[in-house]
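Chains as they are written, first to last, in the numbering used here: chain A, 2 to 308; chain C, -17 to 318.
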């Protein structure tokens, strides 16, 4: 007789883990490693050839490739920055307003602000394209009606505005998510603590800055990392609004559209799965580094409070 | 000077009338306990005094000033919550000092007062810890410290001991009593535990359904309850109410006898059978069903050998009995 701890493979563990492991492997792990593997090959005369790091040398070293890559990365960084500076503060502010017990119709506002999030990016991209169109759009007309016509620009058509405009459209669509997460975090703060603050003279804005904000910092951290991952994986809105060429003149090109164009080809450009995988691998590494920096640098310092 | 004066205070939440015409005076330095079953409005009354809830009508005076429209922080009160309600992100020191900082007091004054309060409560060693790193009893002391630091005219305690375990509750109860002697401050203390009420209070306010049933010192209420509710609420085990087991009562009349005033006696008027015995060492409690099928509790001092199933006779001194009419009010003439 052996004791249960030395009974060799404990099959029940294997059996219970198997479904999750198999599904996750099939849809996540295998494609990830297949993509990484693909980035070490190239195709010459319809033969797949091991080229080692050559694709990466091309991506970062070749003048044409690297210019496109750095352009996409810089655009992506700007895209992320706009979300961090506009979407998340507005989301927090909306949540703070919504959680005020004196606000009437708060359920209506909450739903109204959240609805764009559940719309398809195709609808959002196309609708905003129409709204902002200089020819049939309602934006010029609306600005005219309030005497601000001179402010109107064909925002999606100008290199200097297009990326910022699309970032703001994305903010408009997704601001409901940080709002909901922060709203939930605010509701979880016990009334007692806020009442104790009231007895200490900490009310209104002071209560927000001194009590509520420190207590929702962990949620803000989670939102930041979710925003980072979502933004560096973004593709859909740009593609729906500007196409895979991410015009004008690649000014709205982000890593997602760059990867798509390279991998599958677009118009006259032929698809190259190997260079596409190389870009995808680079995106993977960028996001991995970002998430690691966050997890080890910031998340550990944020305290989660139990009430 | 009066620390607190309530005049005709009413509070309704929509159609629900929670506080009904509360009139009450708390003298300077007095320890007043609000006691009553849950839902009687005692916590709401405390929150009305604190200013966390506005009264629907009536006036609230603290230290001679009408404070109906004054925000809680300027009423000169400090409140200790049942859940402690410490700021989880601040250290013990900052928890205690935040209120003073918010008032814009000089740093040295804040430091001074925090040091004094933490010394009084034996919290010196924990000043740089956060609430999550403290035990329940320590958190409770921090909450009390936060109140002391504000140097209020009136302390408000909202069931401060109910989250502590039994042993700690006893200790903290003694500490609060000692604190009251040291600070000689006016305190209002809400509890549903009649033992806390009896042991701490200078004056007990018994509430039921949003009304004050009786106000008085613990012994006044114990010896001279105004009605059946107060009689039954104070004292442990609670008073026995009998209608048919004692001969000579007028119809509808109830007699109330405290368990400690019943004695085993061959010549007793009440016949019954013991159904359960609780031996506490110092006391023995007998649960008895009388021949008239009413249950009562007998508290015998010392250790008693009576066993379950024994037929017993109980006697009582009529001087220690209370009589109530069918409206549950006290009546003073014995029908017999």
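C-beta: ideal position from N, C-alpha, C; glycine also.
Between residue 27 of chain C and chain A, is any beta-carbon pair separated by less than 7 Å? Nearest CB-CB separation between residue 27 of chain C and chain A: not below the 7 Å threshold.
Whose CA, out of C:149, C:195, C:35 and C:34, lies closest to the CA of residue 213 of chain C? Out of C:149, C:195, C:35 and C:34, the CA that lies nearest to the CA of residue 213 of chain C is found in C:195.
Which value, in whole angstroms, describes the spacing of the CA atoms of residue 96 of chain C and residue 33 of chain C? Annotation: residue 96 of chain C to residue 33 of chain C spans about 25 Å, alpha carbon to alpha carbon.
Specify whether the segment 210 to 221 of chain A and the segment 235 to 250 of chain A touch according to this definition: at least 3 beta carbon pairs, one from each stretch, less than 8 Å apart. Not touching, per the Cβ criterion.
So the candidates are C:-10, C:7 and C:245; which of them puts its Cα closest to the Cα of residue 186 of chain C? Comparing Cα positions, the closest option is C:7.
In chain order, what residues of the same chain have a beta carbon less than 6 Å from the beta carbon of residue 359 of chain C, not counting five sequence neighbours either side? Since the first residue of chain C shown is -17 and the last is 318, residue 359 of chain C is not available in this structure.
According to DSSP, is residue 62 of chain C helix, strand or coil? Correct three-state label for residue 62 of chain C: strand.
Looking at the secondary structure, which residues open and close the beta strand (DSSP E) in which residue 186 of chain C lies? Unbroken beta strand (DSSP E) run through residue 186 of chain C: 185 to 190.
Applying the criterion that 16 or more other CB atoms from any shown protein chain within 10 Å of the CB defines a buried residue, is residue 220 of chain A buried or exposed? Looking at its Cβ environment, which holds 16 or more other Cβ atoms inside 10 Å, residue 220 of chain A is buried.
Under 8 Å: do the segment 252 to 265 of chain C and the segment 276 to 294 of chain C share three or more Cβ pairs, one atom per stretch? Judged by pairs of C-beta atoms under 8 Å, the segment 252 to 265 of chain C touches the segment 276 to 294 of chain C, as three or more such pairs exist.
In the DSSP output, which residue or residues are listed as bridge partners for residue 270 of chain C? C:256 and C:278.
Does residue 78 of chain C have its Cβ less than 7 Å from a Cβ in chain A? It does not; no Cβ of chain A falls within 7 Å.
With 7 Å set as the bound, which would you pick, yes or no: does the beta-carbon of residue 202 of chain A sit closer than that to a beta-carbon of chain C? When Cβ-Cβ separations below 7 Å define contact, residue 202 of chain A makes contact with chain C.
Please determine if the segment 167 to 174 of chain A and the segment 38 to 48 of chain C are in contact, where contact requires at least 3 C-beta pairs separated by less than 8 Å. Counting Cβ pairs under 8 Å, fewer than three are found: no touch.
Determine, for residue 86 of chain C, whether the minimum Cβ-Cβ distance to residues of chain A falls below 7 Å. No, residue 86 of chain C does not count as interfacial toward chain A.
Between residue 183 of chain A and the ligand ZN, is the CB less than 6 Å from at least one heavy atom? In terms of ligand content, the structure shown is empty, and the ligand ZN therefore cannot be addressed.
What does DSSP give as the partner residue(s) for residue 168 of chain C in the beta ladder? Secondary-structure assignment with DSSP links residue 168 of chain C through a beta bridge to C:136.
Closer than 7 Å by C-beta to residue 39 of chain A: which residues in its own chain qualify, once you throw out the five before and the five after it? Chain order, please. For residue 39 of chain A, the CB contacts under 7 Å within the same chain, skipping 5 residues up- and downstream, are 274, 275 and 278 in chain order.
Spatial distance of residue 228 of chain C from residue -16 of chain C (CA atoms): Between the alpha carbons of residue 228 of chain C and residue -16 of chain C lies a distance of about 46 Å.
State whether the segment 146 to 161 of chain C contacts the segment 67 to 84 of chain C, with contact taken as three or more CB pairs (one from each stretch) at a distance under 8 Å. Flag = no, the segment 146 to 161 of chain C and the segment 67 to 84 of chain C do not touch.
Please classify residue 310 of chain C: does DSSP put it in a helix, a strand, or coil? The answer is coil: DSSP assigns residue 310 of chain C none of H, G, I, E or B.
Can a CB atom of chain A be found closer than 7 Å to the CB of residue 144 of chain C? It does not: the Cβ of residue 144 of chain C has no partner Cβ on chain A nearer than 7 Å.
Run of the beta strand (DSSP E) containing residue 246 of chain C, from where it starts to where it stops: Residue 246 of chain C -> beta strand (DSSP E) spans 244 to 246.
Measure from the C-beta of residue 193 of chain A to each C-beta in chain C and report whether the shortest distance is under 7 Å. Taking a beta-carbon distance threshold of 7 Å, residue 193 of chain A counts as an interface residue toward chain C.
What residues from the segment 208 to 220 of chain A come within 7 Å of chain C, judged by C-beta to C-beta, listed N to C? Listed by position, the residues of the segment 208 to 220 of chain A near chain C (Cβ gap below 7 Å) are 212, 215 and 216.
Under 9 Å between beta-carbons, which chain A residues line up against residue -6 of chain C? List them in chain order, please. Against chain A, the beta carbon of residue -6 of chain C has no neighbour under 9 Å; the closest one sits roughly 18 Å away.
Taking DSSP as the reference, what is the three-state secondary structure of residue 215 of chain C? In the three-state scheme derived from DSSP, where H, G and I count as helix and E and B as strand, residue 215 of chain C is classed as helix.
Span of the beta strand (DSSP E), counted from its first residue to its last, around residue 198 of chain C: Note, residue 198 of chain C: beta strand (DSSP E), 193 to 198.
Name the chain C residues that come within less than 9 Å of residue 304 of chain A, Cβ to Cβ? Those within 9 Å of residue 304 of chain A in chain C are 70, 71, 112 and 114.
Could you check which residue in C:167, C:192, C:163 and C:198 has the C-alpha nearest to that of residue 180 of chain C? Among C:167, C:192, C:163 and C:198, the Cα nearest to that of residue 180 of chain C is on C:198.
Integer-rounded CB distance, given that residue 297 of chain C should sit under 8 Å from residue 226 of chain C: In fact, because the Cβ distance is near 18 Å, the residues do not count as touching under 8 Å.
Inside the segment 140 to 183 of chain A only - alpha helix (DSSP H) runs reaching at least 4 residues: Within the segment 140 to 183 of chain A, the complete alpha helix (DSSP H) runs of at least 4 residues are 140 to 146 and 160 to 175.
Chain A residues whose Cβ lies nearer than 7 Å to that of residue 60 of chain C: 200, listed in chain order.
Taking 7 Å as the CB-CB limit, is residue 197 of chain A close to chain C? Judged by the 7 Å Cβ criterion, residue 197 of chain A is in contact with chain C.
Indicate the three-state DSSP secondary structure (helix, strand or coil) for residue 288 of chain C in the structure shown. Residue state, collapsed to three classes: coil.
Applying the 10 Å Cβ sphere with the 16-neighbour rule, what's the burial state of residue 48 of chain A? With fewer than 16 Cβ atoms within 10 Å of its Cβ, residue 48 of chain A is classed as exposed.
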